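Enquirer:
Residue numbers (this note's numbering): 18 to 635.
Structure below.
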């Protein structure tokens with residue numbers, strides 16, 4: 018079995034690259050699906066043979082392995098299949114008129130030759146027959162053609178530019194023979210991505226040419242490098258669209274069999290960010306005009322092709338991780354860039370089973386990408402029972418630089434997760450954002466806007482609103498609990514309940530139910546860990562109660578001296594409680610993240626067996 022596991026894991030990289038390159042697609046029964054080749058044009062004999070360019074490209078072979086919870090799909094560098102096409106063209110381009118081998122200063126020339134982008138023009142004509150659904154893409158293609166058909170590079174970069182231009186035009190010509198009025202709706206995500214990408218590149222090219230309008234030549238140096246990089250980004254988009262066009266032919270033959278295989282994954286449909294069940298557990302997007310700074314960071318990262326492949330958002334319990342992830346998913350789905358997502362929840366059976374994360378992600382990716390769909394189907398046919406999830410996760414983290422996706426993760430700063438996520442090796446770079454370390458004034462401004470929107474019917478006074486914001490600290494969970502409690506029964510009891518929350522009257526246990534449940538869960542997970550002995554469990558409570566009753570943050574060494582415990586034992590305890598304890602970066606002082614946690618432990622009715630007797634700690 019080990020050799021099968023190695024074979025399975027090694028095939029992952031081939032799977033992801035198979036998502037993009039333009040290649041022949043060989044089905045499992047050996048039937049080869051070939052593109053329609055138009056009659057040869059009256060051009061130079063250096064026009065490469067498509068069969069020659071694509072022969073030898075490996076077939077699709079893959080495994081359904083994707084890390085949790087949210088996956089973001091973006092553009093990638095040119096895959097090996099494209100490089101082979103380029104090499105074939107380059108090998109035959111020595112006789113192409115106009116390719117200058119001299120190393121003169123490069124210039125970007127405005128040319129009047131209207132035949133060099135024949136494939137691009139053919140694609141524009143083909144789109145004109147496809148109806149209104151392709152109107153945005155047709156408009157982008159027309160504009161792009163108007164910008165680029167006059168560009169011609171001279172000098173030492175001429176050969177590289179001409180090779181890339183010919184590759185692009187070849188891809189456009191190939192697509193021209195695939196598009197018609199019957200193009201299926203399954204192509205929509207790829208078409209949307211191409212349209213959006215072209216619009217961005219058009220803006221880029223336009224900005225480059227504006228300073229030189231009216232001149233015969235564009236000074237090239239950096240400008241030519243920029244244009245070539247622009248063309249390569251467009252090439253990546255065309256590769257995805259071409260392969261998806263191929264896969265829609267395969268779709269007609271394989272869909273029924275593939276559908277049955279994918280069902281065998283038994284995915285959790287409730288784990289989708291906006292599932293029916295999500296509304297039942299109060300999952301929603303950020304309130305308008307809140308968390309703008311954090312959301313902008315996400316946006317910049319998701320759109321930057323050169324940024325790290327992994328974005329890890331971590332934060333202590335109640336800091337708003339789920340709501341931020343929900344908002345990001347909604348935005349990406351609007352842009353057809355949300356490939357898959359999995360929202361864990363202890364309240365839903367299928368969302369708290371870790372074994373369902375990878376199958377669900379794989380299933381959703383199969384709905385997003387038809388090349389992946391059929392590669393996954395083939396793997397499920399060969400390996401119907403895959404039980405190497407841990408190995409696959411490690412492989413993905415170590416090889417993420419090779420994959421054409423971005424991954425967005427959220428979690429609490431628990432020790433085991435920190436141990437897995439913080440080390441970086443090779444190309445496995447990631448962005449880490451600690452929500453609880455964001456400037457408190459920024460967070461409280463967002464909490465104020467959230468409370469003002471959520472409690473608007475209650476007509477909360479400015480004084481009481483200030484108190485609620487102060488009491489919330491940096492915890493959105495506190496603010497959310499207040500809004501849910503006060504707004505219950507259609508705000509019919511809002512005054513009474515608001516007074517209870519503010520401490521103006523004796524609060525009922527119901528007002529603290531959500532916070533109680535949250536803190537009880539966190540403490541029970543840390544203290545009742547079956548791997549701990551009774552003495553270790555008592556040490557955790559001792560350290561915790563001491564921190565609660567201290568007048569100021571205490572370092573691990575100070576706690577060690579006070580309690581007569583080893584510093585190692587104190588640090589282990591503090592590490593296991595990072596979801597409710599804040600460790601200051603400047604002096605390593607340990608304190609509670611929020612006063613409500615102290616209130617919870619000092620109230621016997623709320624914390625029960627975990628109750629802290631304050632008198633005994635002094």
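Every residue, glycine too, gets a C-beta built ideally from N, C-alpha and C.
Predicted, not measured: the structure shown is a model, and the values here were computed from it.
Among the residues of its own chain, which have a CB less than 7 Å from the CB of residue 278, if the five just before and after it don't count?
Expert: Here residue 278 is taken as the residue at index 261 of the chain shown, counted from 1. For residue 278, where only same-chain residues beyond five positions count, the Cβ hits under 7 Å are 394, 397 and 398.
Enquirer: Using C-beta distances below 6 Å, list every residue in its chain close to residue 492, excluding the 5 sequence neighbours before and after it, in chain order.
Expert: Translated into the one-based positions of the chain shown, residue 492 becomes position 475. Same-chain partners within the cutoff: 335 and 611.
Enquirer: Report the rounded CA-to-CA distance for residue 505 versus residue 600, giving the unit in angstroms.
Expert: As a working mapping, residue 505 is identified with position 488 in the chain shown. As a working mapping, residue 600 is identified with position 583 in the chain shown. Rounded to whole angstroms, residue 505 to residue 600 spans 36 Å at the Cα level.
Enquirer: Flag this pair as yes or no: are the beta carbons of residue 285 and residue 367 separated by less than 8 Å?
Expert: Mapped onto the chain shown, residue 285 falls at position 268. Mapped onto the chain shown, residue 367 falls at position 350. Closer than 8 Å, so yes.
Enquirer: For residue 295, count the other beta carbons within 10 Å of its own beta carbon; 16 or more makes it buried, fewer makes it exposed. Which is it?
Expert: As a working mapping, residue 295 is identified with position 278 in the chain shown. With 16 or more other Cβ atoms within 10 Å, it is buried.
Enquirer: Taking the alpha-carbon positions, what's the residue 332 to residue 428 distance?
Expert: For the purposes of this step, residue 332 is identified with residue 315 of the chain shown, where counting begins at 1. For the purposes of this step, residue 428 is identified with residue 411 of the chain shown, where counting begins at 1. The alpha-carbon atoms of residue 332 and residue 428 are separated by roughly 7 Å.
Enquirer: Would you decide whether residue 364 is buried or exposed? Buried here means 16 or more other CB atoms lie within 10 Å of its CB.
Expert: Here residue 364 is taken as the residue at index 347 of the chain shown, counted from 1. Looking at its Cβ environment, which holds fewer than 16 other Cβ atoms inside 10 Å, residue 364 is exposed.
Enquirer: In the structure shown, what three-state DSSP assignment does residue 329 receive?
Expert: Counting from one through the chain shown, the residue named residue 329 turns up at place 312. Residue 329 falls in the strand class under three-state DSSP.
Enquirer: With DSSP collapsed to three states, give me the class of residue 357.
Expert: On the chain shown, position 340 is the one that residue 357 refers to. Reduced to three states, the DSSP call for residue 357 is strand.
Enquirer: Alpha carbon to alpha carbon, how far is residue 553 from residue 321? Give it in angstroms, no decimals.
Expert: As a first step, residue 321 is located in the chain shown; it is residue number 304 there, counting from the start. As a first step, residue 553 is located in the chain shown; it is residue number 536 there, counting from the start. Taking the straight line from one Cα to the other gives about 47 Å.
Enquirer: Between the segment 370–388 and the segment 526–545, are three or more C-beta pairs nearer than 8 Å?
Expert: Cβ pair count under 8 Å is below three, so no.
Enquirer: I'd like the list of long-range same chain contacts for residue 232, defined as Cβ closer than 7 Å, with 5 residues on each side in sequence excluded.
Expert: Position 215 of the chain shown holds residue 232. With a pLDDT of only 46 at residue 232, under the threshold of 50, the placement of this residue in the model should not be trusted; the figure read from the coordinates follows. Taken in chain order, the list of residues that qualify is empty.
Enquirer: Mind checking which residues open and close the alpha helix (DSSP H) that includes residue 477?
Expert: On the chain shown, position 460 is the one that residue 477 refers to. That residue, residue 477, is in no alpha helix (DSSP H); it is neither H nor E in DSSP.
Enquirer: Would you decide whether residue 130 is buried or exposed? Buried here means 16 or more other CB atoms lie within 10 Å of its CB.
Expert: Position 113 of the chain shown, counted from the start, is the residue given in the question as residue 130. Residue confidence is low: residue 130 scores 43 on pLDDT, short of 50, so the model does not pin down where it sits. Its coordinate-derived value is still stated next. Counting Cβ neighbours within 10 Å, residue 130 comes out exposed, since fewer than 16 surround it.
Enquirer: Along the chain, where does the alpha helix (DSSP H) that runs through residue 417 open and close?
Expert: As a working note, residue 417 is residue 400 in the chain shown. First-last for residue 417: undefined, no H or E at that position.
Enquirer: Does DSSP put residue 146 in a helix, in a strand, or in coil?
Expert: Taking the first residue of the chain shown as position 1, residue 146 is located at position 129. Residue 146: coil per DSSP, three-state reduction.
Enquirer: Is it true that the CB of residue 515 sits closer than 8 Å to the CB of residue 500?
Expert: Within the chain shown, residue 500 is the residue found at index 483, counting from 1. Within the chain shown, residue 515 is the residue found at index 498, counting from 1. It is not a contact, given that the beta carbons lie outside the stated cut-off.
Enquirer: Once the 5 residues before and after residue 164 are set aside, which same chain residues still bring their CB inside 8 Å of it?
Expert: If you number the chain shown from 1, residue 164 lands on position 147. Within the same chain, residue 164 has close Cβ partners 219, 222, 223 and 226.
Enquirer: Against chain D, does residue 307 count as a neighbour if the rule is that its beta carbon must be under 8 Å from one of theirs?
Expert: The structure shown contains no chain D; it holds only a single protein chain.
Enquirer: Identify the continuous beta strand (DSSP E) that holds residue 425 and give its terminal residues.
Expert: Position 408 of the chain shown, counted from the first residue, corresponds to residue 425. Taken as a continuous stretch (DSSP letters only), the beta strand (DSSP E) holding residue 425 covers 423–428.
Enquirer: Do residue 155 and residue 137 count as a contact pair if the criterion is CB distance below 8 Å?
Expert: Taking the first residue of the chain shown as position 1, residue 137 is located at position 120. Taking the first residue of the chain shown as position 1, residue 155 is located at position 138. No; because the gap between Cβ atoms is not below 8 Å, this pair is not in contact.
Enquirer: Does the segment 335–354 come close enough to the segment 237–256 that 3 or more CB-CB pairs lie under 8 Å?
Expert: Too few Cβ pairs lie closer than 8 Å, so no.
Enquirer: Report all residues from its chain with a CB closer than 6 Å to the CB of residue 620; omit the five preceding and five following residues, and keep chain order.
Expert: Reading the chain shown from its first residue, position 603 is the one you call residue 620. None.
Enquirer: Report the start-end ranges of each beta strand (DSSP E) in the segment 490–532 that is 3 residues or longer and not cut off at the edges.
Expert: Correct list: empty.
Enquirer: Going by DSSP, what residues sit across from residue 607 in a beta bridge?
Expert: As a first step, residue 607 is located in the chain shown; it is residue number 590 there, counting from the start. In the DSSP output, where bridge partners are listed per residue, residue 607 has 571 and 600.
Enquirer: Suppose the cutoff is 6 Å on Cβ atoms and the five residues either side in sequence are ignored; what does the same chain contact list for residue 565 look like?
Expert: Here residue 565 corresponds to residue number 548 of the chain shown, with the count starting at 1. Answer for residue 565: 615, 618 and 629, listed in chain order.
Enquirer: In chain order, what residues of the same chain lie with their CB nearer than 6 Å to the CB of residue 324, ignoring the 5 residues before and after it?
Expert: Here residue 324 refers to the residue found at position 307 when the chain shown is read from its first residue. Same-chain partners within the cutoff: 318.
Enquirer: So, are the CB atoms of residue 312 and residue 330 less than 8 Å apart?
Expert: To locate residue 312, count along the chain shown from 1; it is residue 295. To locate residue 330, count along the chain shown from 1; it is residue 313. No, the Cβ-Cβ distance between residue 312 and residue 330 is not below 8 Å.
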